[in-house]
């Protein structure tokens, strides 16, 4: 899908999470946990995305030692443009192979996992 959208999956995941965080942004450690990348790797990805104008990095006003990543308007446009391709890929490689009951069971199971690991947000 990267070839189709020009957006690496790691970038898409970062944009998806930052978009969900809205105007508060995410601390790098929280972003790393949400996109399942190491803190070092997410830092490199966010640095590259900042150079591309898709993400801003700012000091956390609540903790000057921490950095927040925030999606920019350019990042939101890139996310909107790439979403149809990524959603088609999810359907082609995952969803269409499962019944509605199986999809509900997966959703319910993942909801339990998420509830067991609350984030700081």
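Residue numbers (the numbering used here): 302 to 422. Positions of the beta carbon are idealized from the N, C-alpha and C atoms, including for glycine.
Exercise. Bridge partners of residue 368, per DSSP?
Worked result: Counted from its first residue, the chain shown places residue 368 at position 67. For residue 368, which the question treats as bridged, DSSP gives the partners 360.
Exercise. Which partner residues of residue 328 appear in the DSSP bridge assignment?
Worked result: The residue labelled residue 328 in the question sits at position 27 within the chain shown. Looking at the DSSP assignment, residue 328 forms a beta bridge with 369.
Problem set entry | Where the alpha helix (DSSP H) through residue 339 begins and ends | Numbered from 1 along the chain shown, position 38 holds the residue referred to as residue 339. Following the DSSP letters along the chain, one finds residue 339 in no alpha helix (DSSP H), marked with neither H nor E.
For this session: Count the other C-beta atoms from every protein chain shown that fall within 10 angstroms of the C-beta of residue 416, then say buried if there are 16 or more, exposed otherwise.
Result: What you label residue 416 is simply residue 115 of the chain shown in a count that begins at 1. By the 10 Å Cβ count, residue 416 comes out exposed.
Exercise. Comparing alpha-carbon positions, which option in 328, 352, 356, 387 lies nearest residue 365?
Worked result: Here residue 365 corresponds to residue number 64 of the chain shown, with the count starting at 1. Closest in C-alpha terms to residue 365, from the list 328, 352, 356, 387, comes 328.
Exercise. Can you name, in chain order, every residue of its own chain whose Cβ lies under 8 Å from the Cβ of residue 373, other than the five neighbours on each side?
Worked result: Here the question's residue 373 lines up with position 72 in the chain shown. Excluding residues within five positions, the ones whose Cβ falls inside 8 Å are 354, 355, 356, 357.
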